[in-house]
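Going line by line, the protein sequences match chains A and B.
For the first sequence, the numbering used here assigns the number 2 to the initial residue and increments by one for each residue that follows.
For the second sequence, the numbering used here assigns the number 2 to the initial residue and increments by one for each residue that follows.
The C-beta atom is built at its ideal place from N, Cα and C for all residues, glycine as well.
Since we're looking at a predicted model, the values are computed, not measured.
Reviewing the structure listed below.
Number of protein chains: 2
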Amino acid sequence: MYRVHGVLASGNCYKVRLALEQLGFPYQWREVDLLGGETRDRTFLALNPNGKVPVIELPDGERLTESNAILCYLAKDSPLLPERRLEWARVMSWLFFEQYSHEPYIATARFRVRFMGESVAGNGEVESKLGPGNRALALMNAHLEQHTFLVAERYTIADIALFAYTHVAPEGGFDLTPYPALSVWLDRVRAQPGFVPMYG
Amino acid sequence: MYRVHGVLASGNCYKVRLALEQLGFPYQWREVDLLGGETRDRTFLALNPNGKVPVIELPDGERLTESNAILCYLAKDSPLLPERRLEWARVMSWLFFEQYSHEPYIATARFRVRFMGESVAGNGEVESKLGPGNRALALMNAHLEQHTFLVAERYTIADIALFAYTHVAPEGGFDLTPYPALSVWLDRVRAQPGFVPMYG
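Put into structure tokens, the structure is as follows:
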């Protein structure tokens, strides 16, 4: 059985939970006390020297880190990851886009506003994330005006990875109403078999 | 033939060039005028709406973006990407580590110091990157104290991706002397068949 060390309200951890549910893999969830500083303690750093959730333990005791790499591992040879070389690489392209051009703005703004109780207006740290975050949302919206899903017109781990923080972007001060194709896609993801909502 | 739209002095673009050389794939290189603003013009945004280099055009005219996704594409079914599920996923884990925990600090500090001519000392923007960048280097060094390469004790695209900005980290104000295992690994990468140095 898989064992996940994660935080239920974290989008990066939710990606892993959603994939596990949709692939029908049994797993245990161990909730990590992120706000209490657990990811910086010695025991946790032995699990992941980079001090980040999620971490997955495989049935043989091996460990894997980085949410999107865990998605790759879980989805390998499943319908959630296309086999054709270009489609497969385009899934990877969206996963790297998510970690470089989306998550650092949208997830971190959400963390400050939702979990640290910071305001958006007049908060330079959060406001500086709105421009790049909206560029990421606009890019997705333009793509989804012409596609049902991000890659290959089918539901893949690219959709799981991007859904995670996009659907809670309003919690970080982002307005999704200028992105109608994005909103339709969010509902399309929610309608997938085995979908489970994010907790918290 | 592949066609790369890139910048020779960019580590993200160098990754692609190094992989193409080591895999023996013929390619054309089109140098993009990054400092002249080309990545923000309409023609370039039609190539990559995210306005970033590198972009690769495949022999059939399809395009792919995100340096690490291009590495995945090029290395698929080659010795540079292990097939075993866990090793394969560990390569992915390092690629995401590179884009989230390494490149945003080490590459951007280098860009400011080397290409924008900014100083390190007394420069808050650059100095703020030294802490997280050094944490990434220390994590790699600790791993490489016990391993010859990042994954599976063999040279993979994980090594290509991490070599790109690590070996030029001193250009961004990073001192590599506290990381002896990292320096040995850099030389091990340089000794690989087909290795080509970064230009510029």
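Cross-chain neighbours of residue i in chain B, by beta carbon under 7 Å
| i | result |
| --- | --- |
| Thr-66(A) | Ser-94 |
| Tyr-156(A) | Neighbours of Tyr-156(A) on chain B: none; closest Cβ ~19 Å, over 7 Å. |
Neighbour-count burial assignment, residue i, 16 or more Cβ in a 10 Å radius
| i | result |
| --- | --- |
| His-6(A) | buried |
| Ala-159(B) | buried |
| Gln-29(A) | exposed |
| His-247(A) | Beyond the ends of chain A as shown, which are 2 and 201, falls residue 247(A); an answer cannot be given. |
| Ser-129(A) | exposed |
| Lys-41(A) | In the sequence as displayed, the identity of residue 41(A) is Arg instead of Lys. Exposed, since its Cβ has fewer than 16 Cβ neighbours within 10 Å. |
| Tyr-200(A) | exposed |
| Glu-104(A) | buried |
| Gly-37(A) | exposed |
| Pro-83(B) | buried |
| Gly-173(A) | buried |
| Leu-151(A) | buried |
| Ala-47(B) | exposed |
| Glu-126(A) | exposed |
| Glu-67(A) | buried |
Endpoints, the alpha helix (DSSP H) within which residue i is located
| i | result |
| --- | --- |
| Thr-167(B) | 158–167 |
| Leu-65(A) | Unbroken run through Leu-65(A) is the beta strand (DSSP E), 64–66; no alpha helix (DSSP H). |
| Phe-97(A) | 86–98 |
| Asn-13(A) | 12–24 |
| Leu-48(A) | 43–48 |
| Gly-132(B) | 125–145 |
| Ala-182(B) | 181–191 |
| Tyr-106(B) | 104–111 |
Test item: CB-CB of residue i and residue j under 8 Å
| i | j | result |
| --- | --- | --- |
| Tyr-74(A) | Ala-165(A) | no |
| Arg-85(A) | Lys-77(B) | no |
| Gly-134(A) | Glu-22(A) | no |
| Leu-131(B) | Trp-186(B) | no |
| Glu-88(B) | Ala-153(B) | yes |
| Leu-65(A) | Ser-94(B) | yes |
| Leu-100(A) | Phe-97(B) | The amino acid occupying residue 100(A) in the given sequence is Gln; Leu does not appear at that position. Yes, they are a contact pair. |
| Thr-157(B) | Val-197(B) | no |
| Ala-70(B) | Ala-90(A) | yes |
| Leu-19(A) | Ser-79(A) | no |
| Gly-12(B) | Ala-122(B) | no |
| Arg-191(A) | Thr-149(A) | no |
| Val-17(B) | Glu-32(B) | no |
| Leu-72(A) | Ala-162(A) | yes |
Contact list for residue i against chain B, beta-carbon separation under 9 Å
| i | result |
| --- | --- |
| Glu-128(A) | By Cβ distance, chain B contributes nothing, its closest Cβ being about 17 Å from Glu-128(A), past 9 Å. |
| Arg-86(A) | Tyr-74, Lys-77 and Asp-78 |
| Glu-22(A) | Those do not exist, as Glu-22(A) stays about 19 Å from chain B at its closest Cβ, beyond 9 Å. |
Listed by chain order, chain A residues near residue i by CB distance under 7 Å
| i | result |
| --- | --- |
| Pro-50(B) | Leu-140 and Ala-143 |
Cross-chain neighbours of residue i in chain A, by beta carbon under 8 Å
| i | result |
| --- | --- |
| Asn-69(B) | Met-93 and Phe-97 |
| Ala-90(B) | Leu-65, Ala-70, Ile-71, Cys-73, Tyr-74 and Lys-77 |
| Gln-100(B) | Phe-97, Gln-100 and Tyr-101 |
Extent of the continuous beta strand (DSSP E) run through residue i
| i | result |
| --- | --- |
| His-6(A) | 3–7 |
| Glu-58(A) | 56–58 |
| Gln-29(B) | 28–32 |
The ligand HEM heavy atom lying under 7 Å from the CB of residue i
| i | result |
| --- | --- |
| Gln-147(A) | Here there are no bound small molecules, and the ligand HEM is not part of this structure. |
Under 8 Å: do the stretch 135–150 of chain B and the stretch 167–182 of chain B share three or more Cβ pairs, one atom per stretch? yes
Touch check for the stretch 25–41 of chain A and the stretch 49–63 of chain A: three-plus C-beta pairs under 8 Å? yes
For the stretch 117–124 of chain A against the stretch 181–198 of chain A, do three or more pairs of beta-carbon atoms, one drawn from each stretch, fall closer than 8 Å, so that the two count as touching? no
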